[in-house]
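See structure below.
Numbering (the numbering used here), first residue to last: 607 to 1653.
The following block contains the structure:
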């Protein structure tokens, strides 16, 4: 509102004058400082003059008050409209503030004395001058009294007092001044310096003068300074002329204030619900002013309108006339406001829970039509619906063709709900078959709630099944609505919605001779699953099984009733490493449910394991799990050691295992034990220490004898008696086993396709078992066409890996594209060169415990790779070396890693007889490479051999350039740069975590380390067991009778 002012306030007094002379801060030399000037006296404020006015109603403008001046304001008139206020201001003037005295001048410095000479002593310095006194400050002046306000109004027009405001405050006293600060005394002068000289052999001295004294400071005034006195307030006098011409004078206007009121909803169920009325009753009002409220003018009360509340203006309450000062009245009746309905749809799953305020407004409804200010303070209310549904109990995923329930609970009534209430389940995209679907409304099922008692819970069950035509691993959506009849119209309306997303999972089937197992969960992106399906089934044309961990809650196969991974020994396992919500209990990682000991045994059988989509934050957890998978903690028990195969010593064990080879399961899977006794150098020790030392030594010996195989040597817990003991040795996961993790999430495919990024394609293809990739490699030499390689050629000798083709397709007309062929070749380079590097990188003692004839057999991957070329489809009649480019690409990398990479390595080759492992391998591998080129490439053998040599030189140069800075001299770093170029990503983008490299050698454990290793395993399995039991209980609770009968 605009504010008009009639101001007769007095002027404020002037402050005390302050004087500051233009002088130096310090007096001249030898003089006293000048005293500061005193401050002047302030003046008092002037009093406010009286205001005299008369109020009447304006006939010219409806709702306006006419103010006529009287006394000193005679002849003046002001019109106050509905949107204006009038301030009557007659303040007294404030007293002036006291002044501040001037600071005294500092005394002048003393004169310096003259220095001594041969003929006179030094003079004393002069004393400093006295400082000047500080000037005297002044007191504050008094404030002036406020003026009086006289208002004359007829008894019929006292409503016109509403727009008036008053201010007759007396003036405040001025603040006290301050005395000036005294000047400091002057500094004393310096005495003259003495003089010394010699007269022949006699030393003579004339003394110097003394320093002068500092001058005393000036004085500070001691009088007390006080503030001025504040003056009295003016008065307000309202003269009311009655109809009989009698008068009454009051010291202030009436002020009406709301003391309290009660709020209740219309149907009294305890909920302020949209569509019903809010009722306000028990309204108490008090007059806290100084005169009665108007006796002849109506004052109405209404609920103030808000975003949610719409007052019923036709039903106001009326205040009684002439409420006396201090009187409190209770108004009969009640006020109503309509709670508006929601004007915009809410987000699914968000219940209505709005906060609004209830305020009452008092106003003059007749001629003035303006509200009484400051009548009421706000009270908060919550607006929501009576029934509030809990989130629907629906599994996050559902298998194709599987039937299941959806449950919803309603709660929260404080009184019996006597209105129609129902739930509606909507299937907009027709992904599901609703069991209780309405015939006239497909995709919709309605449940009527007949009774809804106070504070009760009602459970609604709706059953549905996934349509068989829905594509696997797509998202299905169901919308659950709660319907409630409008409290006035009775028409049902939606008051709450929940949108439920479910992953439509394919049902697990165990294929005959499967190639890949893909393990997914409810949080795995569907597009990533579709990309892998497209790659494996439609580009590689091999078999893919999919196991959804969130459907079963564990790795138990519904087909074999044992760990599902056991059905894929020697095959490829792809595990999505994304965390997922485990049956509404906690967020889990896929490896948290995977038994590390059982996984280690599966990896020993030649299985490839790749974790894809790994987040950096979960890498440490996965690495911890992988360390436990390296060695079989479950077998390292006293019961196992009692059945262990006996050997005489570690050397005999190494010889036995080396002769058996990694494929002799009867030997490698068994535990071995050899005795340890006190004697010789250990005769003064204890048996426990002797066993621990022997276990550590055995681990080192096994690393030297079989660097690509890893063993764990531990004390025999059941044989530590007296001076005898034993060491138990078990084989763990081989060093070259494929257990890797690739960070990053599969990106979405281009519209209308399920194509994946080349980097993701490479990692999945590279995890094919090496025998399969090696066979493919030898089969495709010289047979790569523009469209790739025919399946009949590529899978020759591995036909069980080829999936059944669609009708009208044959292996001769179905191709594996060239990009996959290149990925296979590149992955072979990593595997073969890596095995050679890790074998030759071990520095054995002289002589090498591995005979030269056995060295190649210590490389199982490389040996297998070259053994398979003999089984390929015979020699190729190649017209040129271009047809064998990929062939030379792979063999050249192997040749580079197997041969010396530098002059120094060439020098060491000369000492092959001293046990240089690389020197012993070079000749054998070079012979295998040459023989394979000659027999496979026919007339083009010479050109292909030259291409192999060129590629070897390229790899050696690349390895040398990448070596150093912590990088070893192997193919991996250089090969990673080639891989990044192949898949089209920036250098340094790709990361691969070799989980088998976390424990690179055999390990010897003490008894304490073994106990920790086993405890961690058992505790982890106990926790996992409890989680799996909870998951099975959850699944059982969701199985409906139809499922039980089928089961």
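The C-beta atom is built at its ideal place from N, Cα and C for all residues, glycine as well.
These numbers come from a predicted model, not from an experiment.
Any idea if residue i is buried or exposed, counting beta-carbon neighbours within 10 angstroms, 16 or more meaning buried?
| i | result |
| --- | --- |
| residue 1146 | buried |
| residue 941 | buried |
| residue 1418 | exposed |
| residue 624 | buried |
| residue 1431 | buried |
| residue 1174 | buried |
| residue 1473 | exposed |
| residue 1202 | buried |
| residue 1413 | exposed |
| residue 1167 | exposed |
| residue 585 | Outside the shown range of the chain (607 to 1653) lies residue 585, about which nothing can therefore be said. |
| residue 949 | exposed |
| residue 1077 | exposed |
| residue 866 | exposed |
| residue 680 | exposed |
Hey, how far is the Cα of residue i from the Cα of residue j?
| i | j | result |
| --- | --- | --- |
| residue 1342 | residue 1113 | 34 Å |
| residue 899 | residue 689 | 22 Å |
| residue 1035 | residue 1615 | 58 Å |
| residue 613 | residue 709 | 41 Å |
| residue 756 | residue 776 | 17 Å |
| residue 1638 | residue 1494 | 54 Å |
| residue 1390 | residue 1551 | 19 Å |
| residue 803 | residue 712 | 41 Å |
| residue 694 | residue 868 | 37 Å |
| residue 1530 | residue 1462 | 8 Å |
| residue 1532 | residue 1237 | 35 Å |
| residue 971 | residue 906 | 7 Å |
| residue 1196 | residue 1621 | 21 Å |
| residue 1396 | residue 1423 | 9 Å |
| residue 1364 | residue 1376 | 20 Å |
| residue 1447 | residue 1426 | 31 Å |
| residue 986 | residue 962 | 6 Å |
| residue 912 | residue 989 | 13 Å |
| residue 904 | residue 663 | 16 Å |
| residue 1011 | residue 1337 | Residue placement at residue 1011 cannot be trusted, given a pLDDT of 48 that sits under 50; the coordinates are not used to answer. |
| residue 1069 | residue 1214 | 41 Å |
| residue 644 | residue 632 | 19 Å |
With a cut-off of 8 Å on the beta carbons, I'd call residue i and residue j a contact; round off their distance for me.
| i | j | result |
| --- | --- | --- |
| residue 704 | residue 642 | Residue 704 to residue 642, Cβ: 15 Å. No contact. |
| residue 789 | residue 639 | 4 Å |
| residue 1028 | residue 1046 | The pair is not a contact, with the Cβ atoms about 16 Å apart (cut-off 8 Å). |
| residue 1162 | residue 1169 | 7 Å |
May I ask you to report which of helix, strand or coil DSSP gives residue i?
| i | result |
| --- | --- |
| residue 1507 | coil |
| residue 1169 | strand |
| residue 1465 | coil |
| residue 690 | strand |
| residue 569 | Only positions 607 to 1653 of the chain appear in the structure, and residue 569 is not among them; the question remains open. |
| residue 978 | coil |
| residue 1237 | coil |
| residue 1597 | coil |
| residue 949 | coil |
| residue 1011 | Residue placement at residue 1011 is poorly supported in this model, since its pLDDT is 48, which falls under 50; the coordinates are not used for a value here. |
Please confirm whether residue i and residue j have their CB atoms less than 8 Å apart.
| i | j | result |
| --- | --- | --- |
| residue 1319 | residue 1347 | no |
| residue 797 | residue 815 | yes |
| residue 1369 | residue 1608 | no |
| residue 1350 | residue 1219 | yes |
| residue 780 | residue 743 | no |
| residue 1097 | residue 958 | no |
| residue 1212 | residue 1339 | no |
| residue 1313 | residue 1445 | yes |
| residue 749 | residue 732 | no |
| residue 1490 | residue 1546 | yes |
| residue 683 | residue 677 | no |
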